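**Q** Take this structure first; my questions come after.
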Amino acid sequence: MILQPPLRSIPKHHRHTAIHFHRDTLHHTCPKLAVELRHRLSLRRKRPLEHRQPLGLGFEISPYKKYTMYLGTKDKNTGRQEISTEKMKSRMHEICMKYVDGYTVSVMDGYYRDEKGNPVHEVSLVYFFLDTPIDALEHIMEEAILEFNQSSILLEESEARSILYKGAHNAK
C-alpha cells in the first residue's frame with residue numbers, strides 16, 4: 804500500500820490536486836474507500852439554485868441587483884456624531900421612501916483609520932436595496948450627504964438571486 808501525506812501537510816493551493824491524487828491512489832489500493840471518498844466529495848459540491856429540484860412548494864427564483872449603502876453617523880467637520888442614530892434612521896426613512904418602495908436597514912459598528920493613522924470607531928447605518936434604479940439611489944445619497952454633512956457614502960452593487968418563499972399553502 805502506498806502511504807500519502809496527511810492533507811493538512813499539503814499547501815492550500817495544492818489541496819485540490821492532492822484530493823484527486825489521494826482518490827486515484829485509493830481507487831487502486833482500496834476501492835471501497837475510494838467509492839466512499841467520491842461520494843463524500845460529491846455531497847460537498849453545492850448545486851446552483853436553478854438546478855435544484857423544486858419540492859412542489861411555493862417559491863420563485865429571480866435574479867436581481869442588490870445594493871448595499873453604508874452611511875456613517877459622524878459629521879465630516881467635527882468628527883463627532885452630532886445627530887442621534889435613531890433620529891438619523893427616522894430622517895433617512897423619510898428620504899428613502901420618496902424614491903424607493905422598500906428597503907432594509909441595520910445599525911452596525913464600523914472601523915477605519917483616519918488621515919493620521921489613528922483607529923476610529925463609527926456607528927454606521929447600512930441600507931439594503933433590491934432591484935432599485937440607480938438614479939433613485941443617487942437621489943437618496945445626495946440628500947443624505949447634505950442632510951448629515953458627510954464626506955462620502957459607500958454604495959456596493961452585486962448580482963444576486965433570491966428565493967421568495969411563499970409556503971406550500973400558496974403553491975396552488
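Counting in the working numbering, the sequence shown tops out at residue 975, every number present.
Ideal Cβ positions, reconstructed from N, Cα and C, are used throughout, including at glycine.
Being a predicted model, the structure only gives us computed values, none of them experimental.
1. For Gly905, count neighbouring C-beta atoms within 10 Å of its own C-beta (all shown protein chains included) and say buried if the count is 16 or more, exposed if not.
2. Since Val903 and Ala939 are thought to touch, with beta carbons under 8 Å apart, how far apart are those beta carbons, to the nearest angstrom?
3. Can you give me the Cβ contacts of Tyr914 inside the same chain, cut-off strictly under 8 Å, excluding the 5 residues immediately before and after it?
4. Here's the rule I'm using: 16 or more other beta-carbon atoms within 10 Å means buried, otherwise exposed. How should Tyr867 be labelled?
5. With DSSP as the reference, label Tyr902 as helix, strand or coil.
6. Report the rounded CA-to-CA distance for Glu950 versus Glu962, giving the unit in angstroms.
7. Whose CA, out of Glu960, Asn952, Asp912 and Tyr968, lies closest to the CA of Ser927?
8. Could you pull the start and end residues of the alpha helix (DSSP H) that Asp938 belongs to?
**A** Looking at the atomic coordinates:
1. The count along the sequence shown starts at 1 and reaches residue 905 at position 102. Under this definition Gly905 is an exposed residue.
2. Position 100 of the sequence shown, counted from the first residue, corresponds to residue 903. Position 136 of the sequence shown, counted from the first residue, corresponds to residue 939. Indeed, because the Cβ distance is near 5 Å, the residues count as touching under 8 Å.
3. For this step, residue 914 is matched to residue 111 along the sequence shown. Same-chain partners within the cutoff: Pro922, Val923, His924 and Glu925.
4. Residue mapping note: residue 867 aligns to position 64 of the sequence shown, counting from 1. Exposed, since its Cβ has fewer than 16 Cβ neighbours within 10 Å.
5. Position 99 of the sequence shown, counted from the start, is the residue given in the question as residue 902. Helix, per DSSP.
6. As a working mapping, residue 950 is identified with position 147 in the sequence shown. As a working mapping, residue 962 is identified with position 159 in the sequence shown. If I take the Cα positions, the gap works out to 30 Å.
7. Taking the first residue of the sequence shown as position 1, residue 927 is located at position 124. The shortest Cα separation from Ser927 among Glu960, Asn952, Asp912 and Tyr968 belongs to Asp912.
8. Locating residue 938 in the sequence shown gives position 135, where the first residue counts as 1. Note, Asp938: alpha helix (DSSP H), Ile937 to Glu950.
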